[in-house]
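Residue numbers (the working numbering): 179 to 429. Even for Gly, the Cβ is constructed at its ideal location relative to N, Cα and C. Keep in mind the model is a prediction, meaning the values are calculated, not measured.
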């Protein structure tokens, strides 16, 4: 049960009023460059993917990102590279430096990376969520990938970028969008259809592994009118993997 004016939609919170505030969050622990980390990764990569997941969830609602809050369970010196990457990615989607804030643990010695990220956005107009339409094509931009099977890093050519997601959703041609997570396309495409009360008709020649984890939202689904697929494709890098994986149909 949520408070009046607060709605949980997928992994997001919508705070309804004169316009909706949208809140998304994620966390990472034990992955990083510190002595007690279970899996090694450089700090910039950890920060990038910690922020990427909630950021893409928020962008897919059509919200404009307005603030980033990071809660870091380590001292400020060891957190500096994390904070630098948070600020860099925030600028990429229009969040100014003075809207990036957070805390570090400077009282108790720590030896492990611990990251929490909250992204806040504003969605103007009706607070209702987006919905796909019967007949829509469902595009997968990027490839489903996940560590340790794949080596992921900021700027990977087969990952859809946050700025590309922002441009696609902001085009006005996308009826619904959904990042692909650890359950893969096999789960996320029917979830997109379920939200709209529709069924899935899989494309026979999409060539993607439906069971492969999308890890840190390595790819994103977009529902749009079939005639608009070429126009949307012009908004992303030509080399970005791009496939129509399904169509939405009436039940």
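Span of the alpha helix (DSSP H), counted from its first residue to its last, around residue i
| i | result |
| --- | --- |
| residue 376 | Residue 376 -> no alpha helix (DSSP H), and no H or E assigned at all. |
| residue 343 | 340-348 |
Continuous beta strand (DSSP E) stretch holding residue i: start and end
| i | result |
| --- | --- |
| residue 356 | 352-357 |
| residue 243 | 242-250 |
| residue 316 | 315-319 |
| residue 331 | Premise fails: residue 331 is in no beta strand (DSSP E) and is neither H nor E. |
Secondary structure of residue i, DSSP reduced to three states
| i | result |
| --- | --- |
| residue 324 | coil |
| residue 409 | helix |
| residue 198 | strand |
| residue 279 | strand |
| residue 271 | coil |
| residue 421 | strand |
| residue 312 | coil |
| residue 388 | coil |
| residue 370 | helix |
| residue 224 | helix |
| residue 415 | coil |
Pairwise C-alpha distance: residue j and residue i
| i | j | result |
| --- | --- | --- |
| residue 362 | residue 322 | 7 Å |
| residue 384 | residue 422 | 6 Å |
| residue 406 | residue 300 | 26 Å |
| residue 310 | residue 294 | 31 Å |
| residue 251 | residue 233 | 21 Å |
| residue 228 | residue 206 | 6 Å |
| residue 305 | residue 373 | Confidence at residue 305 is low in this model, with a pLDDT of 45, below 50, so the placement of that residue should be treated as unreliable; the coordinate-derived value is given next. Residue 305 and residue 373: Cα-Cα distance of roughly 15 Å. |
Beta-bridge partners of residue i, as assigned by DSSP
| i | result |
| --- | --- |
| residue 204 | 295 |
| residue 218 | 210 |
| residue 300 | 199 and 242 |
| residue 399 | 318 and 356 |
| residue 427 | 377 |
At least 3 beta-carbon pairs within less than 8 Å: the segment 279-287 vs the segment 351-371: no
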